[in-house]
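Enquirer:
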Amino acid sequence: MAKIGPSLMCADMGNLEDAILRLDQKSVDFFHLDVMDGRFVPNFTLGPDIVKTLRSHTKTPFDIHLMIEEPEKYIDVFADSGADMISVHVEATTHLQRTLQLIRNRGLKAGIALNPATPLSNLDYIWDTIDYVVLMTVNPGFAGQKFIPLVYDKIEQLSQYIAEKQLTIDIQVDGNISFETIPKVLEKGADMLVCGTSSLFKKDNFLEEAMDDLNSFISSL
Ligand SMILES: O=C(CO)[C@H](O)[C@H](O)COP(=O)(O)O
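Residues in the sequence shown are numbered from 1 upward in steps of one, following UniProt numbering.
1) Could you tell me how far apart the beta carbons of C10 and T168 are, in whole angstroms, since I believe they sit closer than 8 Å?
2) On the CB-based measure, 16 or more other CB atoms within 10 Å of its CB, does Q172 come out buried or exposed?
3) Between which residues of its own chain and S7 is the CB-CB distance below 6 Å, once the five residues before and five after are set aside?
4) Is the number of C-beta pairs between the segment 153-166 and the segment 208-220 that are closer than 8 Å three or more?
5) On the DSSP bridge assignment, give the partners of F147 in chain order.
6) Confirm, please, whether the CB-CB distance from F62 to G82 is below 8 Å.
7) Compute the Euclidean distance between the alpha carbons of T187 and T181, then round it to the nearest angstrom.
8) Between which two residues does the alpha helix (DSSP H) carrying residue 242 extend?
9) Hey, which unbroken runs of the beta strand (DSSP E) at 3 residues or more fall wholly within the segment 27-86?
10) Taking the alpha carbon of M136 as the reference point, which residue from V88, K165, R39, V77 has its own alpha carbon closest?
11) Does the structure place the segment 121-129 close enough to the segment 92-103 that three or more beta carbon pairs sit under 8 Å?
12) For A117 and T45, what's the separation of their Cα atoms in angstroms?
13) Count the other CB atoms within 10 Å of the CB of L21; is the residue buried (16 or more) or exposed (fewer)?
14) Is I177 a contact residue of ligand 1, with contact defined as CB to any heavy atom under 7 Å?
15) For V134, name the three-state secondary structure that DSSP assigns.
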């Protein structure tokens with residue numbers, strides 16, 4: 001079954017501990033934590049101090065998505081703050097292979113994130129240095145955007161390539177992962193779902209109920 005990772009930038013920022021404790025009761029597979037620098041994307045979110053504070057409340061893996069320029073400078077900082085997995089954007093680092101190796105050298109899973117318009121060919125020479133690929137299904141930076149339909153083909157092409165080459169690489173999808181888009185992203189080959197305002201963190205919806213609904217929906221497919 002696909003893994004579910006709540007996107008904590010979509011939770012109540014004033015009470016992230018509460019969201020983590022409540023979601024943990026429902027056995028989430030990972031927490032997705034977006035880090036933004038106001039340069040690579042026009043927004044700001046979580047930083048290493050918050051990650052470190054939240055780390056003490058859960059043992060669930062922390063998946064840190066670095067939407068920042070020159071992520072190579074901050075791998076150690078986020079590894080020290082409690083990351084289990086770190087993804088960096090192919091568009092944000094010059095020495096991609098070295099950056100991924102830095103993540104692996106810290107004993108963490110290394111992920112590579114691709115904006116919707118960035119082709120899969122960017123992955124051609126780094127297959128042996130990645131554990132997961134984050135396919136952005138919206139342009140990164142903001143919650144609540146619309147899914148970009150051409151990315152369905154991208155998920156399928158990546159999934160076929162991974163199967164042909166018999167690689168052990170997960171496909172994570174991030175952006176507008178909802179009850180409408182989940183059936184198709186799973187059919188195309190996604191393994192990890194980042195769940196934000198489109199599915200889990202809905203207004204007037206209890207987190208526990210939303211997580212139950214999501215789990216039963218996915219099991220029913
Ligand atoms: O990466 C992100 C924004 O760049 C968020 O993780 C994601 O978009 C949140 O989910 P939703 O689109 O459902 O609000």
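Every residue, glycine too, gets a C-beta built ideally from N, C-alpha and C.
Expert: Looking at the atomic coordinates:
1) No, C10 and T168 are not in contact; Cβ-Cβ is about 29 Å, not under 8 Å.
2) buried
3) H32, V194, G196
4) By the Cβ test, the segment 153-166 is not in contact with the segment 208-220, since fewer than three Cβ pairs between them sit closer than 8 Å.
5) In the DSSP output, where bridge partners are listed per residue, F147 has none listed.
6) yes
7) Checking the sequence shown, residue 187 turns out to be Glu, not Thr. One C-alpha to the other measures close to 10 Å.
8) Nothing about residue 242 can be read from this structure; the chain reaches only from 1 to 221.
9) 31-36, 62-67
10) V88
11) Per the Cβ contact rule, the segment 92-103 is in contact with the segment 121-129 (3 or more Cβ pairs under 8 Å).
12) 23 Å
13) exposed
14) yes
15) strand
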